[in-house]
Amino acid sequence: MKRSKSFVKTLRAAPKDESAKSAQYLIRAGFVHKEMAGLYDFLPLGLRVLENIKSIVREELNKIGCEELQMTALQNPEPWKKTNRFDDQEVDIWFKTELSAGGELGLAPTHEEPITTLMRTYIESYKDLPVYAYQFQTKFRNELRAKSGILRTREFLMKDLYSFSPDEESHEQFYHQAEAAYKRIYERLGLGDCTYETFASGGIFAKFSHEFQTILDVGEDTIYFNKDKSVVLNEEVLLPEVLDELGVKKEDLKSARAAEVGNIFTLKYKYSEPLGLEYTNKDGERRPVFMGCYGIGISRVMGVIAEKYADDKGLVWPENIAPYKYYLIAIGDEAEKLAEEYEAKNSETILYDDTSARPGEKFKDAELIGLPFRLVISDKTLADNSAELTNRQTGETKLIPLSDLKF
RNA sequence: CUGGGUGUGGCGCAGUUGGUAGCGCGCAGCGUUCGGGACGCUGAGGCCGUCGGUUCAAGUCCGAUCACCCAGACCA
């Protein structure tokens, strides 16, 4: 991609209404644009990051037998009324609207009710189970306070997976597979060494839910962990009986701020019962479907990664999710000619800064945008038949022969 | 929702006791520059968040309202 072809420009100054480092850089570097509090547009670069995150999540989920679909954001209130979750007293973050023909609609904050209802059409027999269905979907939550850029917004992209199993045993088996898949996902996203599976409140149907928490100063949660971090729990379950059960003592625990990047729940029959999702077992008996749900806030994860890796010069993207691999800068006519060729053949991995800006400005932009590598070719390097490759994360620079360049 | 703060060209800001709305960046043109956010000249761009009030006169004073930020509470 050539930068001159994009409508997006980098900004020199950070907007004053953002304080989170990630939000400032994401806006300055042109990954997102703020519409209003808690509402962000994803610009071309930002969208590519989102898509890369989605691809990793999709690959790992498909590996464990999950199937992708896409449901509607506009919601029929009926199923929600059956679980008493359309009531603003029960769920206070609804955005609601009306049909012009009359009748109320909700904008989905999550999808347990609709997908449970949907599955009534397809799940009839034990032979139809299990089902593992997920989607990447825009969720709407009327948060009292949006904050920290794309970390907590009112409209956001979420991956939500729902599991439908015949019984608890079968569910547990999948639940562990999902846990393992989540760990692989965070590993691939570059958050592996700072993300912990955490005990959190699970409501009345399971003792705990499990959250995946990434240690982060601007995170909204406080987590407690023991010395080797084998036991990590959310502050919300820091209770004497829980500590007993997990076999840890409060005085041995340390705390840290963290951002929730995933949450997996055993739902049991919470939704299948009121919504009548049943199947017939081998003995001809009608049984409720045993459910679980598994979320990852895709756009939040992007914010967490941005926040985690950014340094004083700008963003630093892990290679797996970077929008492009190389930021190409050419200095001099010969170099520009060569750069044109490279970009034409590798427009998906090279972001070529072919703008008329001076080199210094391009170097600053390269650092701000934070692609894994900066590639500079100039008359100087060409005289040597080489290009200069700089690693954004380590700052390490080396000259490599042009013949060794692989995009 | 509670407490605090802020609304003035695209972005960042200044604007005194009320008296013709300014600066920097960015943008356009010309010229010089060209490996770390260059420089000179010229120029375009603003109902000062909104509504109402006081006044000969309001960015400035008064009232209301909306929005945004931070901390906290909340987070099914």
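In terms of this note's numbering, the first sequence has 31 at position 4, counting the first letter as 1, and numbering is strictly consecutive. A virtual CB, placed ideally from N, CA and C, is assigned to each residue, including glycine.
In the three-state scheme derived from DSSP, where H, G and I count as helix and E and B as strand, S374 is classed as coil. For L260 and T249, the gap between their C-alpha atoms comes out near 9 Å. Counting along the chain, P428 sits inside the beta strand (DSSP E) bounded by residues 424-428. Distance from the CA of L429 to the CA of S413, rounded to the nearest whole angstrom, comes to 5 Å.
Remark: three or more beta-carbon pairs, one from each stretch, lie closer than 8 Å, so the segment 145-164 and the segment 192-199 are flagged as touching.
Within the segment 372-414, the beta strand (DSSP E) runs of at least 3 residues that lie entirely inside it are, in chain order, 377-379, 400-405. Taking one beta carbon from each stretch, the segment 62-82 and the segment 346-366 have 3 or more pairs nearer than 8 Å; the two touch. Bridge partners of H198 according to DSSP: none are assigned. In the assembly as shown, L188 is a buried residue. Its beta-carbon has 16 or more other beta-carbons within 10 Å. Apart from the 5 residues on each side of it in sequence, R313 sits with its Cβ closer than 7 Å to the Cβ of E305, T307 in its chain, given in chain order. Annotation note: the segment 129-158 contains the following uninterrupted beta strand (DSSP E) runs of length 3 or greater, listed N- to C-terminal: 131-134. Here DSSP, grouped into helix, strand and coil, assigns D338 to strand. About 4 Å separates the Cβ atoms of G330 and I177, confirming a contact at the 8 Å cut-off.
The continuous beta strand (DSSP E) containing P315 extends over residues 313-315. Taking 4 residues as the shortest admissible run, the segment 239-285 contains the following complete alpha helix (DSSP H) segments, listed from N- to C-terminal end: 267-273. Contact check for E334 and V269: beta-carbon distance about 29 Å, past the 8 Å limit, so the pair fails to qualify. Note on D381: 16 or more other CB atoms within 10 angstroms of its CB, so buried under the neighbour-count rule. Residue environment: N111 is assigned as exposed (fewer than 16 neighbouring CB atoms within 10 Å of its CB, all protein chains considered). F239 sits away from V264, with the two beta carbons spaced by 9 Å or more. Two segments are said to touch when three or more pairs of C-beta atoms, one from each, lie closer than 8 Å; by this definition the segment 404-412 does not touch the segment 52-61. In the displayed model, K108 falls within a helix according to three-state DSSP.
Where E305 is concerned, there is no enclosing alpha helix (DSSP H), although the beta strand (DSSP E) around it starts and stops at 305-307. At the C-beta level, M185 and G322 come within 9 Å of one another. For the pair L402 and T417, the CB atoms are nearer than the 9 Å cut-off.
Here the C-alpha atom of G303 lies approximately 22 Å from the C-alpha atom of L101. Assigned with DSSP and collapsed to three states, Q164 falls in strand. Around the beta carbon of F252, 16 or more other beta carbons lie within 10 angstroms, which makes this residue buried. When C-alpha distances from T165 are compared across P136, E140, Y149, R179, the shortest belongs to P136. Distance between E214 and G133, taken at the CA atoms: about 35 Å.
With a 10 Å radius around the Cβ and a threshold of 16 neighbouring Cβ atoms, A337 comes out buried.
In this structure, DSSP gives Q116 a state outside helix and strand, which the three-state scheme calls coil.
When beta bridges are read from the DSSP output, H237 appears opposite F226, I291.
Rounded to whole angstroms, E105 and L378 show a C-alpha spacing of 48 Å.
Membership of V343 in any beta strand (DSSP E) is not indicated, and neither H nor E is assigned to it by DSSP. Only residues of its own chain outside the window of five on either side were considered, and among them T110, E139, E140, T143, L304, M318 have a CB closer than 8 Å to the CB of Y298, listed in chain order. Here H237 is buried, its C-beta having at least 16 other C-beta atoms within 10 Å.
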